[in-house]
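Numbering (the working numbering), first residue to last: 5 to 417.
What follows is a set of notes on a single structure, which appears directly below.
This is the structure in structure tokens:
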């Protein structure tokens, strides 16, 4: 409790109030909650209690608690929180993830580590090489399960879970509850309790003010510069999302030329560079970060006041996850989104998310959706008309051939 006080955790969040007692009961748990809701403590604190109730590890034993996460950024963040809590009770933590030399991580695995935080791919590498085993694992956490499935990790997750004893306690955490996540829960959890904070449908944090601007592609750069110039004097932390690595580098370069305090991060950056950029952004030494979706989940940085979707994401789930980088831990934030004609297929879903969160829906967005619907209907009617014309021509051709053959069929000679 002293360490919790030192970390400044004054009162439990809603997901902690419900999730902690359930996890401490020893039951399997599914938690559905938006990012930034405090779910990390909901599985780490019960993990410490669970570990203290187990026999001590011996040389060669693997971890008692395994936390699987989708990205190395999230692995680093969960590892950091776990170390803060575990040090107070003499429990050791190790983290495994891509982007860093295996040699150092491999050396760390040879200690008796009660908790292992890992991405699925790197863990499988160490399992296959015999550098780690899961024979002692009795507490399994699947964090951001929906994101792991989105990233194609389901086969790796199944291979890992197959190596864990069936009498384990399993906790699964997810921001959404699609069919794929439900199936994973049915396969991996037994008689589980489900705790849900908010709607099971796709929804945004109501503490986020969502501002959608319908713009032309060629106007986005000017508009984002105008926004950042307005915010410059406040030095608010601002996270900007682009779809591609090239787009991130180009936008960051142009912002830097305008003397805006800006850095960039994406998957092609060396791990050391990414760590340095995130550290500067977290500490406030750089207040604008341009990123791909690699940073949209698991980026646990406090006091990001603004998120800007420079490019609209490729699916609505990612939109919700992106804007969820602001307004964490019951704070408030603002998300700007540039919406262009090429994004029109998302207009209806976006309006549903805005409406569900009681946000203003711009009339231009509705008009764009209506125009697209009318064009679709027009094109659909045109395609139907073309099919009917082809059908009539084909029937006429068949009739003509039958007349030529004296009614004996249509086979060509």
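Note that the Cβ used here is the ideal one computed from N, Cα and C, for glycine as well.
Item: Per-residue DSSP class, three states only, for residue 380; Value: Here residue 380 scores only 47 on pLDDT, less than 50, and its place in the model is too uncertain to base an answer on.
Item: Beta carbon of residue 336 nearer than 8 Å to that of residue 211; Value: yes
Item: Integer-rounded CB distance, given that residue 175 should sit under 8 Å from residue 145; Value: 5 Å
Item: Segment limits, alpha helix (DSSP H) that includes residue 285; Value: 275 to 287
Item: Close Cβ partners of residue 62 (< 8 Å) along its chain, the five nearest in sequence each way excluded; Value: 116
Item: Residue closest to residue 65, alpha-carbon to alpha-carbon, out of 27, 114, 43, 57; Value: 114
Item: Span of the alpha helix (DSSP H) around residue 358; Value: 351 to 360
Item: Own chain residues within Cβ distance below 7 Å of residue 253, not counting five before or after; Value: 268
Item: Cβ neighbour criterion (16 or more within 10 Å) applied to residue 166; Value: exposed
Item: Buried versus exposed call for residue 333 [16 or more other C-beta atoms within 10 Å across all chains shown]; Value: exposed
Item: Stretch pair the segment 279 to 291 + the segment 235 to 252: three plus CB contacts closer than 8 Å; Value: yes
Item: Validate contact between the segment 91 to 103 and the segment 49 to 62 using beta carbons, cut 8 Å, 3 pairs; Value: yes
Item: Closest residue to residue 249 among 273, 177, 263 (Cα-Cα distance); Value: 273
Item: Contained alpha helix (DSSP H) runs [length at least 4] in the segment 121 to 199, N- to C-terminal order; Value: 124 to 133, 149 to 154, 158 to 165, 183 to 192
Item: For residue 78 and residue 106, the rounded distance between their alpha carbons; Value: 18 Å
Item: Start and end residues, beta strand (DSSP E) containing residue 342; Value: 337 to 343
Item: Stretch-stretch touch, CB-based, cutoff 8 Å, three pairs: the segment 24 to 34 with the segment 155 to 170; Value: no
Item: In DSSP terms, what residue 310 is bridged to; Value: 242, 338
Item: Boundaries (first-last residue) of the beta strand (DSSP E) holding residue 225; Value: It is not in any beta strand (DSSP E) - residue 225 instead sits in the alpha helix (DSSP H) that spans 224 to 235.
Item: Residue range of the unbroken beta strand (DSSP E) whose run includes residue 292; Value: 292 to 295
Item: Straight-line Cα distance separating residue 141 from residue 185; Value: 22 Å
Item: Those residues which DSSP pairs with residue 35 across a bridge; Value: 177, 199
Item: Check whether residue 131 and residue 70 have beta carbons under 8 Å apart; Value: no
Item: Closest by C-alpha distance to residue 108, when choosing among 126, 88, 118; Value: 126
Item: Three or more C-beta pairs below 8 Å linking the segment 347 to 359 and the segment 31 to 44; Value: no
Item: Close beta carbons around residue 346, own chain, < 8 Å, minus the five adjacent residues each side; Value: 221
Item: Sub-8 Å separation of residue 152 and residue 74 beta-carbons; Value: yes
Item: Cβ pair residue 208, residue 178 closer than 8 Å; Value: no
Item: Helix, strand or coil at residue 68 according to DSSP, with G and I counted as helix; Value: coil
Item: First through last residue of the beta strand (DSSP E) which encompasses residue 208; Value: Segment: none, residue 208 is in no beta strand (DSSP E) and carries neither H nor E.
Item: Cβ-based burial, residue 319 [other Cβ within 10 Å; buried from 16]; Value: exposed
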